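Take a look at the structure below.
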């Protein structure tokens, strides 16, 4: 569904800005990006998706994966402060080691070295640094709206498409559209798009040694959407407020930046549009319930941690059907 935002072909909004960027669309000092689409009317309308009173967590345990898929990220450690008649506990985590949102500080345009709305790296981590673009903005706005699940893994199996989620299997736009059609799924402005690629299923289907080996791979590959111009155009045209999936990125990894897009979708989504990307979401129970009731849309809430100047945050997400 197209709407009255600028067309994809009109991007960037200013000739001097990086390709496909929408800087200034919500104001030169905006720090919410596409989350601006989650207006009060949008959220109110989304409550109509609650029809069965079924609430489903979309989060993996904080210590899953056993070994983070990025070797530079450490696993969660949980310590107890034991007292004679009470207990405290302490957590030491990398905010991207398990189910999380990538915030707008995570990835900038690599060639231009610029983040959303033209913010430079030294404004994030430097002498002149501030909390600009921090994940606290998302936390204080909160995320609530209509969620839509595309269960690509189930569609793929039923159509004879078999793959391992730990290869760079690229899902084309035509395949996503076919999946949506099979589910009779329609999109609305401000939707939060979730895609089940089968990452969680394939991860949990391995034994402990295999899981640990996945985290130590030198060349990491993961299933995801095709990193292409038409994929970016489709996402913009549908007016998604945010996207998330069960895989370790969102686009297939490593992304082909030599494609007609010329950039990774991470760059375009985060730095260009200010659109948060959810990774490592647990969509298994949600997919099963959606299939059972024949409904792939729901009310979605997510309350990230209020980390001033934070790069990312655990998602703390829930779907209500």
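Residue numbers (our numbering): 672 to 992. In this text, a Cβ means the ideal position worked out from N, Cα and C, and glycines have one as well. Bear in mind that the values here come from a model prediction, so they are computed numbers and not experimental data.
- Residue 780 sits in a strand when the DSSP states are folded into three classes.
- Unbroken beta strand (DSSP E) runs of no fewer than 3 residues, entirely contained in the segment 833-894, are found at 863-866, following chain order.
- Restricting attention to beta strand (DSSP E) runs no shorter than 3 residues, the segment 897-980 encloses them at 913-916, 948-950, 968-973, ordered along the chain.
- Out of 887, 817, 844, 752, the CA that lies nearest to the CA of residue 966 is found in 817.
- The shortest CA-to-CA distance from residue 735 to any of 963, 879, 931 is the one to 879.
- With contacts defined by Cβ atoms closer than 7 Å, residue 774 and residue 982 form a contacting pair.
- About 13 Å separates the beta carbon of residue 763 from that of residue 751, a gap too long to meet the 8 Å contact definition.
- For residue 983, the enclosing beta strand (DSSP E) starts and ends at 983-985.
- If you draw a 10 Å sphere on the C-beta of residue 796, you find fewer than 16 other C-beta atoms in it, and that means exposed.
- Each of 743, 683, 780, 698 was checked against the Cα of residue 941, and the nearest Cα belongs to 780.
- Collapsing the DSSP output to three states places residue 717 in a helix.
- A straight-line Cα-Cα distance of about 9 Å links residue 894 and residue 834.
- For the options 687, 737, 791, the alpha carbon positioned closest to that of residue 883 is the one of 737.
- Minimum Cα-Cα distance from residue 823 among the listed residues 959, 890, 791, 885 corresponds to 959.
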